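A.B. asks:
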Amino acid sequence: MRFAFTDDQKLFAEGLRDLLEKECTPARVRAAWDDGTGHDSTLWSHLADMGVFGMLVPESAGGLGGTEIDLVLLLEELGRAAAPGPVFETAAVVAPALGDAATVGTVALDGSPYVPHAHVASLVLVPGGIARTEGSTLTAVDSIDGGRRLFTVEGPREPFAYDEALAFDRGALAAAAYLVGVSERMIDVAAEYARQREQYGRPIGVNQAVKHLLADALLKVEFAKPAVYRAAWSVAADEPTRARDVSIAKAFASDAAYRSSRSAMQVHGAIGYTWEADLQLWMKKAWALQRAWGDATFHRRRVAEAVL
Amino acid sequence: MDLRYTPEQEAFRAEARAWLEANVPAEPLPSFDTEVGFARHREWERTLWDGRWSAVSWPEEYGGRGADYLHWLIFEEEYYRAGAPGRVNQNGIFLLGPTIMEVGTEEQKARFLPTMASSEIVWAQAWSEPNAGSDLAAIRSTGVLSDDGAEWVLNGQKIWASRAVWADWCFGIFRTDPEAERHRGLTFVLVPLDAPGVTVRPIAQLDGDTGFAEIFFDDVHVPVENTLGEVHQGWRVAMATAGFERGVSLRSPARFSATADRLVALWKEHADPSDTALRDAVVDVWMQAEGYKLHTYMTVTQMIEGRTIGAEASLNKIFWSEMDVRIHELALDIAGPEAERMDGPFERWVDGFLFSLSGPIYAGTNEIQRNIIADRVLQLPRGA
């Protein structure tokens, strides 16, 4: 029993954080929103070079041959940076399903009629097979998160055998890990604001009402983390409790992300309600992903099936 | 990361389980906040001690097993799975004991730890005062050195001292330097409750039992050898103790997992399965118990690898106390009209509900814990 990451795993995550601080600044995320793609191909190349998309691909196929435990901290970092594009869909779901890290892929397995990132992906993993975006009709809908464009995808399906249940659990786990990073960043940004912003001649962060908003959000995030890490273990080890453990993680992460978004916005006051404030880059990720891959209620009910 | 237990850990679990199955009383003991129940719980502690299970994480020389935190968690899981009695000397074994091991002299360790592990001496905590609750540093009870420097002369009043009605000794904090800034000038002193000048006045709790008490000190003389840590450094000693209290050692996850499992069993037996709101709420709190366990295992791994926990302990305290209330609220929802009865089939849940309500208050209210998290973890500016 050792519930901790290795130094190598932590170093890899730190390396990714360094990269994202340069290549995934809020300005870059906004640019991906503003140009309508919700994608940053330069960032994508850096992530590919680093091996993020090959983490779950065997070494024999050009990947790093790692496990979900190796990947989960990287997904958190991607969330911290609100990295746009199908980053976790490709890294956690499509690449291991195809055994190929080079394909930009996305997924339609969570029951939503909309496929995120379909315009920048070459294929969509669908129930029972794949849909190639070339040869399909993509119709855009307007999405709340500019870094996650949504489409309906009409076209032929090709049969392709893969473990759909595993793919779903990987996607839900990845969304949960990404949401943990999103949540942490919102709390950090709000705490910084509470230190700087002065009213009544002192920083607003001295007020207990403000302190408690952020403490309550942090509480949810800090208790979501071990649930996410255990879910990564359960997926990697193919534990019989895999689905239950993933659902605990996603339910906690969804709730934590929403709580963090509300606390962070409230601490910001009116500026938090503006387009200008960067906080929206993470809030809108939270609001999109808290329901993608199953919302908290869906996952609680999946746990209930296992427990009650 | 490896979340499997080693064969050695599994063997330890099996040993604990077998011993508990053979020794846990078949019938639940009366509450340790009654005179009879207190005595019965002290006997149970003696049984634990005889089996060398009373203080598993302590070094062997003081009656423990030298178990690391992981083994301790395993033991706790088995303990609560077996439905074993509450720990009447938890203030001693889980709070004061680790503090003595950290700051006590070798003589103090030899003098106090073995009788603590056996519960020959049961300890009460004497910190709060009528005007020093959340603001603990406002303590006014005084300790003055006798002319020959051999004794403390203690005066003042303590309150909310758990187990003090039938306990043997207490550990208190007294103002020994009235000139110093308020966090300084306090000294941590160990006091026998049968010393001349000590008066213990029981206080009935919300459940009617006298689980805590006021303690009056009227020129109580204790030898200076009873000072724990350095003179005037009592605040630092107390904060070390409080860390144990809010952290992992007092509220092990096994206890809540066992209660959450009982709630699930209650739901299966009594609840309407078509009530999806209730079903969702029950599974949610079961998940919280699981989350608390996972969080504790992660913390414990870090502690074994040499990290100390600081303000993060406040997160734990909020989480388990709110969760405990929630588990009991749901049980009473399921009980329906029976929840109004103190003697009915849901008696244990009604008692448990009342007890759970103390959780968000004692060991530092949850509001104080949120301040600690905001100030020390989130680095928000301190109030004026």
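Listed in order, the protein sequences are those of chains A and B.
Each residue of the first sequence is one higher than the one before, counting from -15 in this note's numbering.
Each residue of the second sequence is one higher than the one before, counting from 23 in this note's numbering.
From the three backbone atoms N, C-alpha and C, an ideal C-beta is built for every residue, glycine too.
Keep in mind the model is a prediction, meaning the values are calculated, not measured.
On the DSSP letters alone, give me the boundaries of the beta strand (DSSP E) that isoleucine 225(B) sits inside.
C.D. replies: Run containing isoleucine 225(B): 220 to 225, per the beta strand (DSSP E) assignment.
A.B. asks: Beta-carbon of glycine 256(A) versus every beta-carbon of chain E: anything under 8 Å?
C.D. replies: Chain labels in this structure do not include chain E; the protein chains are A and B.
A.B. asks: Nearest to proline 97(A) by alpha carbon, out of Ala124(A), Gly130(A) and Arg181(A)?
C.D. replies: Checking every option, the nearest Cα to that of proline 97(A) belongs to Ala124(A).
A.B. asks: Compare the beta carbon distance of tyrosine 162(A) and phenylalanine 72(A) with 8 Å and say whether it is the shorter of the two.
C.D. replies: Against a cut-off of 8 Å, the Cβ pair of phenylalanine 72(A) and tyrosine 162(A) comes out as a contact.
A.B. asks: Would you verify that the beta carbon of leucine 402(B) is, or is not, closer than 8 Å to some beta carbon of chain A?
C.D. replies: At least one chain A Cβ lies under 8 Å of leucine 402(B).
A.B. asks: Mind checking the stretch 165 to 191 of chain A against chain B and listing, in chain order, the residues whose C-beta falls within less than 8 Å of any C-beta there?
C.D. replies: Answer in chain order: Ile171, Ala175, Ala178, Arg179, Arg186, Pro187, Gly189, Val190 and Asn191.
A.B. asks: Where do the N-terminal and C-terminal ends of the alpha helix (DSSP H) with glutamine 391(B) fall, by residue?
C.D. replies: From DSSP, the alpha helix (DSSP H) with glutamine 391(B) extends over 388 to 394.
A.B. asks: If contact is defined by three or more beta carbon pairs under 8 Å, each pair taking one atom from either stretch, is the stretch 244 to 258 of chain B in contact with the stretch 195 to 205 of chain B?
C.D. replies: Contact holds: three or more Cβ-Cβ distances are below 8 Å.
A.B. asks: Between the beta-carbon of threonine 232(B) and the beta-carbon of aspartate 365(B), is there less than 8 Å?
C.D. replies: Result no, Cβ atoms of threonine 232(B) and aspartate 365(B) do not sit closer than 8 Å.
A.B. asks: Could you check where the beta strand (DSSP E) with arginine 197(B) kicks off and where it finishes?
C.D. replies: Start and end: 191 to 197.
A.B. asks: Thinking C-beta only, is valine 78(A) closer than 8 Å to glycine 89(A)?
C.D. replies: Cβ atoms of glycine 89(A) and valine 78(A): closer than 8 Å.
A.B. asks: Does arginine -14(A) come within less than 8 Å of chain B when only Cβ atoms are used?
C.D. replies: At least one chain B Cβ lies under 8 Å of arginine -14(A).
A.B. asks: Could you confirm whether any beta carbon from chain A is found closer than 8 Å to the beta carbon of valine 305(B)?
C.D. replies: Closer than 8 Å to some Cβ of chain A, the Cβ of valine 305(B) qualifies, so yes.
A.B. asks: Could you round the C-beta distance between glycine 386(B) and lysine 339(B) to whole angstroms and report it? I think they count as a contact, below 8 Å.
C.D. replies: Indeed, because the Cβ distance is near 7 Å, the residues count as touching under 8 Å.
A.B. asks: May I ask you to report which of helix, strand or coil DSSP gives aspartate 306(B)?
C.D. replies: Reduced to three states, the DSSP call for aspartate 306(B) is helix.
A.B. asks: State whether the stretch 182 to 196 of chain A contacts the stretch 26 to 43 of chain A, with contact taken as three or more CB pairs (one from each stretch) at a distance under 8 Å.
C.D. replies: They do not touch, by the three-pair rule.
A.B. asks: Just how far apart, CA to CA, sit leucine 158(B) and arginine 204(B)?
C.D. replies: If you take the alpha carbons of leucine 158(B) and arginine 204(B), they lie about 10 Å apart.
A.B. asks: Ordered along the chain, which non-local residues of its own chain (more than five positions away) have a Cβ less than 6 Å from that of phenylalanine 152(A)?
C.D. replies: Excluding sequence neighbours, phenylalanine 152(A) sits near Leu93.
A.B. asks: Please compile the residues from chain B whose C-beta is within a distance smaller than 8 Å of the C-beta of glutamate 206(A).
C.D. replies: Those within 8 Å of glutamate 206(A) in chain B are His317, Glu334 and Leu337.
A.B. asks: Just by C-beta distance, which residues in the stretch 26 to 40 of chain B are closer than 8 Å to chain A?
C.D. replies: Of all residues in the stretch 26 to 40 of chain B, Arg26, Tyr27, Thr28 and Gln31 have a Cβ within less than 8 Å of some Cβ in chain A.
A.B. asks: Indicate whether valine 211(B) and glycine 230(B) have their beta-carbon atoms separated by less than 8 Å.
C.D. replies: Taking 8 Å as the Cβ cut-off, valine 211(B) and glycine 230(B) do not qualify as a contacting pair.
A.B. asks: Please go through the same chain and pick out, in chain order, the residues whose beta-carbon is closer than 8 Å to the beta-carbon of valine 175(B), but skip the five residues on each side of it.
C.D. replies: Correct list, in chain order: Gly165, Val166, Leu167, Ser168, Asp241, Val242 and His243.
A.B. asks: Would alanine 104(B) and glutamate 43(B) qualify as a contact pair, given that the criterion is a beta-carbon distance under 8 Å?
C.D. replies: In this structure, glutamate 43(B) lies closer than 8 Å to alanine 104(B) by Cβ.
A.B. asks: List, in chain order, every chain B residue whose beta-carbon is nearer than 9 Å to that of lysine 195(A).
C.D. replies: Ordered by position in chain B, the residues that pass the 9 Å Cβ test against lysine 195(A) are Arg392, Asn393, Ile395, Ala396, Asp397, Leu400, Leu402 and Gly405.
A.B. asks: Give me the DSSP bridge partner(s) of histidine 243(B).
C.D. replies: In DSSP, histidine 243(B) forms a bridge with Val175(B).
A.B. asks: Strictly below 8 Å CB to CB, what residues from chain A border glutamate 327(B)?
C.D. replies: Within chain A, the residues near glutamate 327(B) are Ala(-12).
A.B. asks: Is the stretch 19 to 28 of chain A touching the stretch 98 to 107 of chain A, taking contact as three or more C-beta pairs under 8 Å?
C.D. replies: Segments in contact, yes.
A.B. asks: Using 8 Å for Cβ pairs, my map puts alanine 280(B) next to valine 307(B). What's the rounded Cβ distance?
C.D. replies: Going by Cβ atoms, the distance from alanine 280(B) to valine 307(B) rounds to 13 Å, so no, they are not a contact pair.
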